[in-house]
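> Residue numbers (the UniProt record's numbering): 1 to 78. Cβ atoms here follow ideal geometry from the backbone N, Cα and C, with glycine treated the same way. Being a predicted model, the structure only gives us computed values, none of them experimental. Here it is, the structure in full.
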């Protein structure tokens, strides 16, 4: 099972970290996620943000395999 170890919050349009935007009272915390309230923003609206979580995975990744069968037909036979 993995454990979330870090969080990243960036402006969707510019890619700038949330802490470098001119918006007010933003929070990007591991235990609460990203928070922005429209009422605290100069223009009355929060910008769009993308949130990325990082985890420390303790389980090994598994892979699956598939068998692909090639079927050929002879013209005139059904």
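In whole angstroms, what separates the C-alpha of residue 45 from that of residue 56?
Position 45 of the chain shown holds residue 45. Position 56 of the chain shown holds residue 56. Cα to Cα, residue 45 sits roughly 34 Å from residue 56.
> Assign residue 39 to one of three DSSP states: helix, strand, or coil.
In the chain shown, the residue the question calls residue 39 occupies position 39. It is helical.
> Let me check understanding here. Comparing Cα to Cα, which of 2, 1 and 19 lies closest to residue 9?
For the purposes of this step, residue 9 is taken as residue 9 along the chain shown, with counting starting at 1. Nearest option by C-alpha distance: 19.
> Grab me the residues of residue 23's own chain with a C-beta within less than 6 Å of its C-beta, minus the 5 sequence neighbours each way, in chain order.
Taking the chain shown and counting its residues from 1, the one referred to as residue 23 is at position 23. Closer than 6 Å at the Cβ level, and outside the excluded window around residue 23, lie 41.
> Below 9 Å between beta carbons: does that hold for residue 48 and residue 12?
The residue given as residue 48 occupies position 48 in the chain shown. The residue given as residue 12 occupies position 12 in the chain shown. A contact, by the Cβ cut-off of 9 Å.
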